[in-house]
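> Heads up, the sequence shown is in this note's numbering, so the first residue is 267 and it goes up one at a time. Cβ coordinates follow ideal geometry from the N, Cα and C atoms, glycine included.
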Amino acid sequence: MRRKPVVLVTGASGEMGHGLIERLGERGGLDILALDIRELPPEVKARCAHTITGDILDQFLLGRLVSEFEIHAVFHLAALLSTRSEFTPETAHQVNVGGTLNLLKLAIEQSRWHGQRVKFMFPSTIAIYGIPDRATKEAAGRVREDAFLTPSTMYGCNKLYCESLGRYFSRHYRQLAVEKERAGVDFRALRFPGLISAFTVPSGGTSDYAPEMIHAAAQDQPYACFVREDTRIPFMAMPDGIDALLKLMDAPAEALTRVVYNCGAFAPSAGELAALTREAFPGARITFEPDLKRQGIVDSWPADVDDAAARRDWGFAPAYDLELTFHEYLVPNIRRRYKPA
Ligand code: AKB
Numbered sequence: 267m268r269r270k271p272v273v274l275v276t277g278a279s280g281e282m283g284h285g286l287i288e289r290l291g292e293r294g295g296l297d298i299l300a301l302d303i304r305e306l307p308p309e310v311k312a313r314c315a316h317t318i319t320g321d322i323l324d325q326f327l328l329g330r331l332v333s334e335f336e337i338h339a340v341f342h343l344a345a346l347l348s349t350r351s352e353f354t355p356e357t358a359h360q361v362n363v364g365g366t367l368n369l370l371k372l373a374i375e376q377s378r379w380h381g382q383r384v385k386f387m388f389p390s391t392i393a394i395y396g397i398p399d400r401a402t403k404e405a406a407g408r409v410r411e412d413a414f415l416t417p418s419t420m421y422g423c424n425k426l427y428c429e430s431l432g433r434y435f436s437r438h439y440r441q442l443a444v445e446k447e448r449a450g451v452d453f454r455a456l457r458f459p460g461l462i463s464a465f466t467v468p469s470g471g472t473s474d475y476a477p478e479m480i481h482a483a484a485q486d487q488p489y490a491c492f493v494r495e496d497t498r499i500p501f502m503a504m505p506d507g508i509d510a511l512l513k514l515m516d517a518p519a520e521a522l523t524r525v526v527y528n529c530g531a532f533a534p535s536a537g538e539l540a541a542l543t544r545e546a547f548p549g550a551r552i553t554f555e556p557d558l559k560r561q562g563i564v565d566s567w568p569a570d571v572d573d574a575a576a577r578r579d580w581g582f583a584p585a586y587d588l589e590l591t592f593h594e595y596l597v598p599n600i601r602r603r604y605k606p607a
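1. What span of residues does the alpha helix (DSSP H) with L539 cover, start to end?
2. Out of curiosity, what's the CA-to-CA distance linking P568 and I499?
3. In terms of residue numbering, what span does the beta strand (DSSP E) encompassing V597 cover?
4. When you compare the CB positions of G283 and G277, do they come within less than 9 Å of one another, or not?
5. Going by C-alpha to C-alpha distance, which of L461, R293, E411, F453 sits closest to L588?
6. Near S390, what residues of its chain come up, given a Cβ to Cβ distance below 8 Å and the 5 sequence neighbours on each side ignored?
7. From the DSSP output, which residues share a beta bridge with T276?
8. Apply the 10 Å Cβ neighbour rule to P505 and answer buried if 16 or more other Cβ atoms are within range, or exposed otherwise.
9. To which residues of the same chain is T366 closer than 7 Å at the C-beta, ignoring the five residues directly before and after it?
10. Can you determine whether any heavy atom of ligand 1 sits closer than 8 Å to the C-beta of W379, and answer yes or no?
11. With a CB to CB cut of under 6 Å and the five nearest residues on each side skipped, what residues in its chain are close to R304?
12. I'd like to know if the stretch 431-449 and the stretch 511-523 are in contact, where contact means that at least 3 CB-CB pairs between them fall below 8 Å.
13. Report whether the distance from the Cβ of I392 to the nearest heavy atom of ligand 1 is below 8 Å.
14. Quick check: what's the CA-CA separation for A393 versus I337?
15. Using the beta-carbon count (16 or more within 10 Å), is Y395 buried or exposed?
16. Starting from V310 and walking both ways along the beta strand (DSSP E), at which residues does that stretch end?
17. Alpha carbon to alpha carbon, how far is S348 from S469?
18. Looking at C-alpha atoms only, which residue of L372, V409, D557, P271 is the closest neighbour of C491?
19. Where does the unbroken alpha helix (DSSP H) through S351 begin, and where does it stop?
20. Could you name the residues of the same chain whose beta carbon sits closer than 8 Å to that of L346, not counting the 5 residues immediately before and after it, in chain order?
21. Count Cβ pairs between the stretch 561-575 and the stretch 394-408 that sit closer than 8 Å; are there 3 or more?
22. Could you pull out every residue in the same chain whose Cβ sits closer than 6 Å to the Cβ of D297, ignoring the five residues on either side in sequence?
23. What are the complete beta strand (DSSP E) segments, minimum 3 residues, inside the stretch 382-431?
24. Which value, in whole angstroms, describes the spacing of the CA atoms of E281 and A531?
25. For a test of the three-state rule: what should DSSP assign to K270, helix, strand or coil?
Here it is in structure tokens:
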């Protein structure tokens, strides 16, 4: 009895999961096995061949997946983001690190069964950077992958360690064993900036002030921004984030000079975001009331990232700049979401 060949998506009902599953469905190919701790919304479920409501920490559940499915690729999106992780740091560690280790173990076991490398796509984050103060942030400008690797949040620590875990599983797993892994795991990671989605409301991130501001304005709700007006970090439209993950997955291994890549698209200040939001939604009531603790987190993240390696190695090229993100992606879709014609 042959097991069903699938691509596994964890965190399928999350911000990125919605869009990724839609794009995977459009691409065709392997059936989608979606796993999330919450019930998947119907529109996501409809695009999946198999859906499981379960916990990535449930080793028994993951063991059962091996008996029923032949997993050829994993998109491991399940994670507790930066703000939410600060309220439950130990739980965040268990989910973000323990969950990732469980999925890497599952991937390598699967590769032994079907004899092919399992691509493991991992969304890392700009939260793995830790810049000590605003003057250093200003001077640093666009930060390269190997600088300021001193995160100040549990989420950032988790993601930075998982990058190393993935590199280990890809290149050094059981390196002292008599027989080398014939297939193994092909781990590839992208350090995403703040991602802005028109279709999902943010869930516990510290870069969420951007999507929160826009979604509030579209609903004629006042929004008190929790960072200063001059706060600047990189962002990206969600479709570009999803396309980047798929493009990195499709890249030939020999073209890649890194396991982990930066990617960015635009880096507006919170004030610039507010101006564009007021332009799109006249009368938007946006104020700035910094939460000094969350502000401290965002101030430790780079003002922008250097993504030259991604552009050179595998042709990363975001389609949406700041203007297009607002005028072609966010405003039309968010208007339809809250004020259907
Ligand atoms: C967060 O704010 O925690 C995330 C991220 C930048 O990775 N959106």
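Concretely, from the data shown:
1. 536-546
2. 6 Å
3. Here V597 belongs to no beta strand (DSSP E); instead the alpha helix (DSSP H) covers 597-604.
4. yes
5. L461
6. K425, L426, C428, E429, A455, L456, R457, F458, V526
7. L301, H342
8. buried
9. H342, C428, L431
10. no
11. S279
12. no
13. yes
14. 29 Å
15. buried
16. Run containing V310: none in the beta strand (DSSP E); it sits in the alpha helix (DSSP H), 308-311.
17. 10 Å
18. D557
19. 348-353
20. T354, T357, A358, V361, N362, Y421, G470
21. yes
22. V272, A315
23. 384-391
24. 18 Å
25. strand
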